[in-house]
Amino acid sequence: GAVVSQHPSWVICKSGTSVKIECRSLDFQATTMFWYRQFPKQSLMLMATSNEGSKATYEQGVEKDKFLINHASLTLSTLTVTSAHPEDSSFYICSAKSGRRGTDTQYFGPGTRLTVL
Amino acid sequence: AQSVTQPDIHITVSEGASLELRCNYSYGATPYLFWYVQSPGQGLQLLLKYFSGDTLVQGIKGFEAEFKRSQSSFNLRKPSVHWSDAAEYFCAVALNQAGTALIFGKGTTLSVSS
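These protein sequence lines map, in sequence, to chains A and B.
So that you can map any letter, position 112 of the first sequence is 112 in this note's numbering, and since no number is skipped, the others follow by simple counting.
To convert, take the position in the second sequence, counting from 1, and add 117; that gives this note's numbering.
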């Protein structure tokens, strides 16, 4: 089956620093990748949708200058949390969708736990 | 606006007993419905999905779900729960088949007692 990896699986950083999270589709080409944020005991909230080679589309209320998304290749998307603050601490999850027509399943990564001190 | 409601935050079921997790959606057109399971340290795993056709959908791990348009529901069922089924379950709706991102419910935590 399709596998999506995320790196790192957890990260602790100081307030004011930037953190980059990678999302990779290991055995398929992902024309579309999604980034979600999950708070404890809460649902996943979509942050942005990224298509390979184009700018990401951000959901309302998500600061595009704070959460930088790059989808430079068909197998890699990155989320950079810039000038992180404690309120950015959360579980970040990516998903990837194959570009094949009629393929609608999103495959999820295992998530990255970010803790900002 | 589109939304997904999972009325039960936490359910405890005895091992071997049957299970039903409720999901209601609000969406004007034909929804594309999904059930995912999330175990600690694991990514979300797709259990099953409904796009069209037979309203009773079979999934992995012995799960099934039934789409009831009149009730705007897509409840997940399993006839006999195993201890390994303890996890967080999310119902989700996609707005179209082209892959627009999913809208998730808040999840139901399933505990299995022996």
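We put the beta carbon where it would ideally sit given N, CA and C, even for glycine.
The C-beta of K195 of chain B comes no closer than 9 angstroms to any C-beta of chain A. For Q42 of chain A, a Cβ of chain B is located within less than 9 angstroms of the residue's own Cβ.
Of the other Cβ atoms in all chains shown, 16 or more fall within 10 Å of the Cβ of R24 of chain A; this residue is therefore buried. Here the alpha carbons of K20 of chain A and K178 of chain B stand approximately 35 angstroms from one another. Residue pairing by DSSP places E183 of chain B opposite B:L173, B:N192 in a beta bridge.
Distance from the CA atom of L193 of chain B to the CA atom of L138 of chain B, rounded to whole angstroms, is 5 angstroms.
Y107 of chain A belongs to the set of residues whose beta carbon lies under 9 angstroms from a beta carbon in chain B.
Legend: CB atoms of the region 26-37 of chain A lying less than 7 angstroms from CB atoms of chain B belong to residues T32, F34.
For Y153 of chain B, at least one C-beta of chain A is nearer than 9 angstroms to its own C-beta. Residue contact check for T78 of chain A against chain B: no CB pair falls below 9 angstroms.
Burial is judged here by how many other beta carbons sit within 10 angstroms of a residue's own beta carbon; S50 of chain A has at least 16 and is buried. Interface residue (Cβ-Cβ distance to chain B less than 9 angstroms): S95 of chain A is classified as such. Contact with chain B is absent for G61 of chain A, since none of that chain's Cβ atoms lies less than 9 angstroms from the residue's Cβ. Contact of K223 of chain B with chain A by beta-carbon distance below 7 angstroms involves Q42, S43.
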